[in-house]
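Residue numbers (this note's numbering): 238 to 511.
Quick look at the structure:
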């Protein structure tokens, strides 16, 4: 069975209850976690241990919180007050765990679904999305990861162009895949607004509602946007349903045209806010 799972953010107990509910078997099933494995929840290290223990049966994407962990570990970013990363950063074998994390994917196109953490700008089709994600994956896995993380943050350029090079190119790819919510018709990304789809700034729309989007006919699954809530339509799955905020951990089983939604109620682990 194939399962797509929304943001965990360090909520290990709901993950355990989900695996028990679906009777997950590493020899039979495959789990795709759509990013933000860690941070803000009570047991980020436990989540990493559980997912890594599943071996190749768990395919984990990197989200903005996972990249934040890598940046903090390299001294590129200071920890936030709401971070719950100390158990990983203080572990004697932290280098091994961080190395495992940076081997994870930025985008996957398998079983008929394009999977990302946040979004896809309208200029990209599925094949280009995976190819560009691969460029960032290569930088994260390279010996130059520290230099890469130093130039990873920023909101410019806020519009994709095929001739972008170097840090500008990588930053634009990362911002689409791990931060995107609202986008203009020309592909300009907006990052300040974190409200639901009905609160789009003037001139912007949720990225998945843009006319002419090149992935419009490709089923896309994503997380990241807890204020958006669950979307479960033929070509779109939005699966961040606020597990860490006291919402639910959402998973969808896909098998051909068959689809089953599984939701696990979660205690609130983080104070209200995003």
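Just so you know, even glycine gets a beta-carbon here, dropped at the ideal spot from N, CA and C.
From a predicted model like this one, the values you see are computed outputs, not experimental measurements.
Exposure of residue i, with buried meaning 16 or more beta-carbon neighbours within 10 Å
i           : result
residue 257 : exposed
residue 502 : exposed
residue 368 : exposed
residue 323 : exposed
residue 496 : exposed
residue 337 : exposed
residue 430 : exposed
residue 452 : buried
residue 428 : exposed
residue 498 : exposed
residue 310 : buried
Bridge partners - residue i, DSSP secondary structure assignment
i           : result
residue 298 : 342
residue 361 : Paired residue(s): none; residue 361 is not in a bridge.
residue 490 : 240, 497
residue 419 : 427, 443
residue 475 : 459, 468
residue 285 : Answer by DSSP bridge pairing: none, since residue 285 is not bridged.
residue 352 : 345, 458
Pairwise C-alpha distance: residue j and residue i
i           : j           : result
residue 480 : residue 375 : 30 angstroms
residue 473 : residue 456 : 6 angstroms
residue 250 : residue 318 : 22 angstroms
residue 388 : residue 269 : 28 angstroms
residue 398 : residue 423 : 11 angstroms
residue 416 : residue 329 : 31 angstroms
residue 245 : residue 271 : 9 angstroms
residue 421 : residue 314 : 29 angstroms
residue 448 : residue 438 : 17 angstroms
residue 510 : residue 464 : Reliability of the predicted coordinates at residue 510 is poor, the pLDDT of 48 falling under 50, and the value obtained from them is presented with this limitation in mind. Their Cα atoms are separated by approximately 10 angstroms.
Presumed contact (8 angstroms Cβ cut-off) between residue i and residue j, rounded CB distance
i           : j           : result
residue 320 : residue 461 : In fact, because the Cβ distance is near 18 angstroms, the residues do not count as touching under 8 angstroms.
residue 348 : residue 491 : 6 angstroms
residue 299 : residue 488 : Contact doesn't hold; Cβ gap of about 19 angstroms is too wide.
Q: Answer yes if the stretch 261 to 268 comes into contact with the stretch 331 to 342, meaning at least three C-beta pairs across the two stretches below 8 angstroms, and no otherwise.
A: no
Q. Does the stretch 355 to 371 come within contact of the stretch 441 to 450, defined as at least 3 CB pairs closer than 8 angstroms?
A. yes
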